[in-house]
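Structure first, then comments.
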Amino acid sequence: MQAKHGSLFLARNHFQRLIDVLVGEGYRCIGPTIKEGAIVYDLLDDVAQLPRGVRDHQSPGVYSLQVDADPRWFSWANGPQALKPELFSPRTVMWRVVRDETGLVFQPVQPKQESTAVIGVRACDLAALKLQDRHFLEGSYSDPHYQARREALFLVAVNCTSPAETCFCASTGDGPRATSGYDLVLSEVEEGFLIEAGSARAEQILAALPTAPVTPAQEAVAAETIEQAARSQTRVLDVDGIRKDIQTVLNDSIRDDSIWEDVSEHCLSCGNCTSVCPTCFCFSESDDGGLQLDESEHIRQWDSCFTQGHSYIHGLTVRSDTKQRYRQWIVHKLDTWHDQYGSSGCVGCGRCISWCPVGIDITAVAKKITAGKLS
Amino acid sequence: MMDPQLPCEAEVVERIQESSSLVTLRLRLTDEQARNAYRFMPGQFNMLYLFGVGEVPITMTSDPDDTATLDHTIRSVGRVTNKLVQLQVGERLGFRGPYGRGWPLSEIAGQDVVFVTGGLGCAPVVGAINYIAARRQSYGKLNIMQGVKHVNDFIWKERYDQWRALPDTQVLLAADVGTPVWPWHVGMVTELYDELDYDAENTTVMMCGPEGMMQAVTKHMVKNNIDESDVWLSMERNMQCAVGLCGHCQYGPHFVCRQGPIFNCRELKPFFAIRGF
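Chains as they are written, first to last, in the numbering used here: chain L, 57 to 431; chain P, 133 to 409.
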């Protein structure tokens, strides 16, 4: 969606107005705040909560924040989570059942629908959102819980100016510039923000803000900063190349699967990577009767293909060792995702690299696979 | 639209103890409208819910033309099934379905059919055999091969006797471990290949059992001029949502609960040959 008027300028001291207008329109505002040493998306009603002058230092197994003199509020890459928990809730009650003398009565739990505006969405998160939409909404069946949350969502993207060392969205084609799927998109410059609408409802919000025309100099600085952000990325994932190489390696692994042993050698099977991955969608279902004997809730919660239970069937675990679980994650994310959703399941956010306790780097693993194919 | 993730209530109208660990529950949907609207094909499955405990995927063995009651044969192997098999007539449980793709039974009318099963019960194939047995004149020669580890694992003797009595039908049974009174083959069921009677040009093979067995049978059949596209098999993976969302049943690019559980063997390439997918 292209905006009609192009960019406008919103001075830094007017940014609070954006939050206020959104709240005035009935949105619950969510945005980046600092919590326990990380960028965490939380309720946002005051610009003072934004991470001013904060930079995130990320490398394999490492995430830390540092404050410097940078006047900007979005000069960081990402935190462990962004949009996923807002839409695909970590824990959802699906239905309740009541048992009485006559039998069982099943009651659907109405999906939660609360208008929510998320400020500070990254291009990689928008790319991941599109993949989650395909999974939860665009198959043969639409999930009502995801759908309700999705329809209630207003997205304020902020183009990424400060990728972390772990980022590789430029190589996957998912960033650092947000190109679609947002309501508003912002580019941060020193004195404020270039702001542009991407949807009709966003035009209204934009009209209520004290904006000014953008100067050519601001336009140039904003564009150059994003281009520089792309150039600064050192990690690379060739999403089409790695797919072919995985297929070759899989064919070869009928004879020899030592490559998977090699790439998964340090994996603890902890599931951190799947928790922080913005595209991972697995969930488990369970029942909680509490202490009541006549009522029970059916719940779904995030699950991970790294757990033993994930592949359990009647007394047997299909993927009994870490090597097989690591292979499942890689093959799904980088190969069979294409079959299922028409593109790679990796958007280059680099979270799985930073949040892996032993620092496994998916781009390094991809290189090993490419180098290690037998034929 | 009804939420396909929400169960409705079913009642046990009959309970048949098939063996020490295997029970058939004949279920009736208590809501008349749901009962009348229910349609399925053999090979599809339902999610059965035990109050406060959880859900399990179970296939049906009864005939799709009679949905007044639905037969579910359940082996007690886990937390949910151990209790499900103890349900008595009149007790209630949760029910949602049917899910997935069944056997291509109407598409293969007129053809010779070879069923190969290994292991215990093999309910997904029993539903298909019952379907063909009830419409015997619509199909060609019928071969039923069943292998079990131990004679004691063999159940449904009467059912096999009935099938054997059908026209143009042979039943080949084998047990790895026999007893003096076991009248059938002792050894691998695959040692009975030579007794199969079919026209390779016009035959469908349907299988259920351990993946290694199904791979071996596929190899043999293809070597004996059966086209791969005529080989179908029933896959099993962990299933929790049954609507292709929870991710557990993924097998390569497939969601077994949605694209399966019945697959054409060509669809499973190249993952079928690799352990641990």
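Idealized CB from N, CA, C, for every residue including glycine.
Terminal residues of the alpha helix (DSSP H) in which residue i lies
| i | result |
| --- | --- |
| R84 (chain L) | First-last for R84 (chain L): R84 to K91, but that is the beta strand (DSSP E), not the alpha helix (DSSP H). |
| G259 (chain P) | A255 to A265 |
| H191 (chain L) | A179 to F192 |
| L225 (chain P) | It is not in any alpha helix (DSSP H) - L225 (chain P) instead sits in the beta strand (DSSP E) that spans R224 to Y231. |
| L209 (chain L) | Here L209 (chain L) belongs to no alpha helix (DSSP H); instead the beta strand (DSSP E) covers L209 to V214. |
| R381 (chain L) | T378 to V387 |
| N69 (chain L) | From DSSP, N69 (chain L) is part of no alpha helix (DSSP H); its letter is neither H nor E. |
| N307 (chain L) | V295 to S309 |
| L143 (chain L) | K140 to L143 |
| W295 (chain P) | K289 to R296 |
| D318 (chain L) | S314 to V319 |
| W393 (chain L) | W393 to Y397 |
CB of residue i within 8 Å of CB of residue j, strictly
| i | j | result |
| --- | --- | --- |
| R228 (chain P) | C340 (chain P) | no |
| Q188 (chain L) | F339 (chain L) | no |
| C225 (chain L) | C405 (chain L) | yes |
| G279 (chain P) | A306 (chain P) | yes |
| Q169 (chain L) | A208 (chain L) | yes |
| H366 (chain L) | N214 (chain P) | no |
| S366 (chain P) | V257 (chain P) | yes |
| R299 (chain L) | D230 (chain L) | no |
| T378 (chain L) | C333 (chain L) | no |
| M337 (chain P) | W364 (chain P) | In the sequence as displayed, the identity of residue 337 (chain P) is Val instead of Met. Result yes, Cβ atoms of V337 (chain P) and W364 (chain P) sit closer than 8 Å. |
| L216 (chain P) | L182 (chain P) | yes |
| G428 (chain L) | P116 (chain L) | no |
| W132 (chain L) | S243 (chain L) | no |
| G392 (chain P) | R291 (chain P) | no |
| E221 (chain L) | Q114 (chain L) | yes |
| L306 (chain L) | V174 (chain L) | no |
| G222 (chain P) | V153 (chain L) | no |
| C397 (chain P) | T335 (chain P) | no |
| F210 (chain L) | Y83 (chain L) | yes |
Test: residue i CB closer than 8 Å to a CB of chain P
| i | result |
| --- | --- |
| E341 (chain L) | yes |
| I315 (chain L) | no |
| F71 (chain L) | no |
| S431 (chain L) | Because S431 (chain L) carries a pLDDT of 45, less than 50, the predicted location of this residue cannot be relied on, and the following value inherits that uncertainty. Chain P, which has no Cβ nearer than 8 Å to the Cβ of S431 (chain L), makes this no. |
| G401 (chain L) | no |
| V153 (chain L) | yes |
| Q58 (chain L) | For Q58 (chain L), the predicted model reports a pLDDT of 39, less than 50, meaning its position is unreliable; a value from the coordinates is still stated below. Closer than 8 Å: no. |
| Q380 (chain L) | yes |
| D124 (chain L) | no |
| F210 (chain L) | no |
| P164 (chain L) | yes |
| Q396 (chain L) | yes |
| G345 (chain L) | yes |
Cβ of residue i within 8 Å of any chain L Cβ
| i | result |
| --- | --- |
| H282 (chain P) | no |
| G279 (chain P) | no |
| T162 (chain P) | yes |
| E150 (chain P) | no |
| L154 (chain P) | no |
| H204 (chain P) | no |
| I406 (chain P) | yes |
| D285 (chain P) | no |
| L400 (chain P) | no |
| D138 (chain P) | According to the sequence provided, residue 138 (chain P) is Leu. The question's Asp does not apply to it. Taking Cβ atoms only, chain L reaches closer than 8 Å to L138 (chain P), which makes this a yes. |
| I394 (chain P) | no |
| E146 (chain P) | no |
| R79 (chain P) | Since the first residue of chain P shown is 133 and the last is 409, residue 79 (chain P) is not available in this structure. |
| F183 (chain P) | yes |
| V258 (chain P) | no |
| D135 (chain P) | yes |
Residue i, enclosing beta strand (DSSP E) - first and last residue
| i | result |
| --- | --- |
| R167 (chain P) | Segment E164 to A169 is the alpha helix (DSSP H) holding R167 (chain P); no beta strand (DSSP E) there. |
| R281 (chain P) | The sequence shown places Lys at residue 281 (chain P), rather than the Arg named in the question. Looking at the DSSP string, the run of the beta strand (DSSP E) that includes K281 (chain P) is L274 to H282. |
| D203 (chain P) | L202 to R207 |
| C405 (chain L) | Neither: C405 (chain L) is in no beta strand (DSSP E) and is coded neither H nor E. |
| Q302 (chain P) | T301 to V309 |
| C223 (chain L) | Segment: none, C223 (chain L) is in no beta strand (DSSP E) and carries neither H nor E. |
I want to know whether the segment 317-324 of chain P touches the segment 176-186 of chain P - three or more CB-CB distances under 8 Å. no
Of the residues that make up the segment 352-376 of chain P, which ones have a beta carbon closer than 7 Å to any beta carbon in chain L? Answer in chain order: E368, R369, N370, Q372, C373, V375 and G376.
Contact set between the segment 173-205 of chain L and chain P, restricted to residues whose Cβ is under 8 Å from the partner: H191, F192, G195, S196, Y197, D199 and P200
Give the residues from the segment 222-233 of chain P that approach chain L closer than 7 Å (Cβ to any Cβ), ordered along the chain. Those residues of the segment 222-233 of chain P that come within reach of chain L (Cβ to Cβ, closer than 7 Å) are R224 and G226.
Tell me whether the segment 252-267 of chain L and the segment 66-80 of chain L touch, counting them as touching only if at least three CB pairs, one residue from each stretch, are closer than 8 Å. yes
Counting pairs of Cβ atoms below 8 Å between the segment 136-151 of chain P and the segment 161-168 of chain L, do you hit three or more? yes
Between the segment 150-166 of chain P and the segment 280-294 of chain P, do at least 3 Cβ pairs fall closer than 8 Å? yes
Along the segment 362-376 of chain L, what residues have a CB closer than 7 Å to any CB found in chain P? H366, S367, Y368, I369, H370, G371, V374 and R375
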